[in-house]
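Asker:
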Amino acid sequence: MTAASEQAAKRLRQPPPGRKPMVHRIFRADPATVRAALQFLRERFDGSAEDEVISKLELALAEVLNNICEHGTRHEAVRLGGRPHAPLIHLCVARHVGGIACAVTDDGRPLPASCLESHSLPWTGPPPQDAEAILLLPEGGFGWFLIQELTASLSYFREGRRNFLAFIVPVTEPLLTAGAAPQQGEGDQFSPNCSG
Amino acid sequence: MQLTLLPQPDGLTIRVDEKRLDAAIATAFKDSVRSMIAGGGPQVTLDLSGVDFLDSSGLGAVIAIYKAMPAGRTLTLAGLTPNVERVFQLTRMDTVLTIRKADPRQQDPQG
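Chains as they are written, first to last, in full-length UniProt numbering: chain A, 1 to 196; chain B, 1 to 111.
1) How long is the line joining the alpha carbons of G11(B) and A38(B), rounded to whole angstroms?
2) Could you spell out the range, first to last residue, of the beta strand (DSSP E) harbouring P7(B)?
3) If the cut is a Cβ gap below 8 Å, which residues of chain E does I63(B) touch?
4) To which residues of the same chain is Q148(A) closer than 8 Å at the C-beta, ignoring the five residues directly before and after it?
5) State buried or exposed for L135(A), treating a residue as buried only when at least 16 other CB atoms are found within 10 Å of its CB.
6) Could you check the C-alpha separation between V53(A) and E76(A) for me, to the nearest Å?
7) For the structure I just gave you, are there three or more beta carbon pairs, one from the segment 56–70 of chain B and one from the segment 122–142 of chain A, closer than 8 Å?
8) The alpha helix (DSSP H) that contains I147(A), what's its start and end?
9) For F40(A), would you say it is in contact with chain B, using Cβ-to-Cβ distances shorter than 7 Å as the test?
10) Short check: CB of I100(A) to CB of I68(A), under 7 Å?
11) Going by beta-carbon coordinates alone, are S27(B) and F142(A) separated by less than 7 Å?
12) Run through chain A and tell me which residues come within less than 7 Å of S57(B), C-beta to C-beta.
13) So F45(A) and R79(A) are in contact, right, with Cβ under 8 Å, and what is the actual spacing, rounded?
14) Check for me: the beta strand (DSSP E) holding H71(A) runs from which residue to which?
15) The beta strand (DSSP E) spanning residue 202(A) covers which residue range?
16) Look up E159(A) in the DSSP assignment and give the residues it is bridged to.
17) By DSSP's criteria, D106(A) is part of a beta bridge. Which residues make up the other side?
18) Output the boundary residues of the beta strand (DSSP E) element that contains D52(B).
19) Run the CB neighbour count on I14(B), radius 10 Å, all protein chains shown included, and call it buried at 16 or more, exposed below.
20) Tell me where the beta strand (DSSP E) around D47(B) begins and ends.
21) Leaving out five residues before and five after L150(A) in sequence, what residues of the same chain have Cβ atoms less than 7 Å from its Cβ?
22) Between the Cα of L116(A) and those of W123(A), D51(A), F157(A), T105(A), spot the shortest distance and give me the residue it belongs to.
23) Can you tell me whether DSSP reads S118(A) as helix, strand or coil?
24) Could you tell me the distance, in whole angstroms, from the CA atom of D94(B) to the CA atom of P127(A)?
25) Would you kindly work out how many angstroms separate the C-alpha atoms of G41(B) and A71(B), rounded to a whole number?
26) Going by the CB atoms, is the gap between L59(B) and D87(B) shorter than 7 Å?
27) Could you give the first and the last residue of the continuous alpha helix (DSSP H) run that contains R35(A)?
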């Protein structure tokens with residue numbers, strides 16, 4: 001562990017002002033571990049924002065993590081026992097004023113730049129009328145559209161052997177309690193400063 | 001994979017007894033539903049009232065089931081919870097698939 005990441009880990013252990021929830025988990029990319037992480041996240045964050053916001057957070061993260069499971073594995077790098085090397089994911093989620101900040105890093109294959117370009121829906125036409133048209137309906141390609149639809153301030157960089165992806169799920173604060181000064185845009189300033 | 005097969009006069013209802021239709025079970029879900037549909041009548045209803053989380057893998061599985069419906073059969077989705085409904089709306093798949101509103105009193109007179 002480098003000094004920088006140690007420092008980042010220390011920051012993560014400190015309770016944020018207002019005791020807002022946060023989650024940090026490290027796990028191998030696999031649909032079952034992703035499900036467990038999302039269920040843990042849901043438990044931790046329930047009640048910290050409107051249910052709709054927590055649901056959007058869960059869906060956005062599910063899409064990001066599923067993509068790592070599906071596309072991140074380096075098939076050329078085989079582990080002992082002949083299994084491919086599933087990426088090791090670091091997930092960090094923190095509730096801030098104005099949003100829920102997410103940072104996801106993994107040591108899988110690089111994210112293609114095209115994923116971060118503006119995504120349109122794979123299908124937007126009128127309902128298909130005949131059997132042939134129905135067969136053309138997409139069964140995938142929704143993931144990055146959903147991620148872009150549900151998040152803000154999406155940013156990505158690759159450093160060394162890791163992908164770093166950060167984004168915010170916006171929260172509209174219903175009421176700010178007296179004395180708590182509104183800190184507009186605090187969430188926007190979040191970035192996973194893992195490189196020090 | 002927990003699914004309950006409920007025979008109906010005009011077909012069958014498949015109740016999904018899984019809280020999450022996600023990447024962990026999407027393929028098994030698709031295969032199980034397809035094999036259940038093979039033996040039923042013309043009207044197939046997929047009851048999703050017990051599902052509170054659906055991701056794009058689960059959505060893809062539902063679309064695959066729709067695409068694989070045998071000729072002369074119809075697929076209706078019922079009991080969508082708000083989280084599940086959101087995914088269909090965001091992806092516009094609510095305009096393609098037949099979705100029956102959650103209110104059980106609103107039975108479609110056309111069948």
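All C-beta atoms in this analysis are idealised placements derived from N, C-alpha and C, irrespective of residue type, glycine included.
Answerer: Taking the coordinates as given:
1) 11 Å
2) Boundaries of the beta strand (DSSP E) harbouring P7(B): 3–8, taken from the DSSP string.
3) No chain E appears in this structure, whose protein chains are A and B.
4) The residues are S118, H119, L154.
5) exposed
6) 39 Å
7) yes
8) 143–150
9) no
10) no
11) Going by the sequence as given, residue 27(B) is Thr instead of Ser. Their beta carbons are not under 7 Å apart, which means T27(B) does not touch F142(A) by this criterion.
12) N66
13) With a Cβ gap of about 33 Å, F45(A) and R79(A) do not count as contacting.
14) No beta strand (DSSP E) holds H71(A); the alpha helix (DSSP H) holding it covers 51–71.
15) Examination of residue 202(A) is not possible in this model, given that chain A is present from 1 through 196 alone.
16) R162(A)
17) I89(A), N163(A)
18) Taken as a continuous stretch (DSSP letters only), D52(B) belongs to no beta strand (DSSP E), as it is neither H nor E.
19) buried
20) Run containing D47(B): 43–47, per the beta strand (DSSP E) assignment.
21) K56, L59, A60, V169
22) A check of alpha carbon separations from L116(A) across W123(A), D51(A), F157(A), T105(A) identifies F157(A) as the nearest.
23) coil
24) 10 Å
25) 11 Å
26) For the sequence presented, residue 87(B) should be read as Val rather than Asp. At the C-beta level, V87(B) and L59(B) come within 7 Å of one another.
27) 31–45
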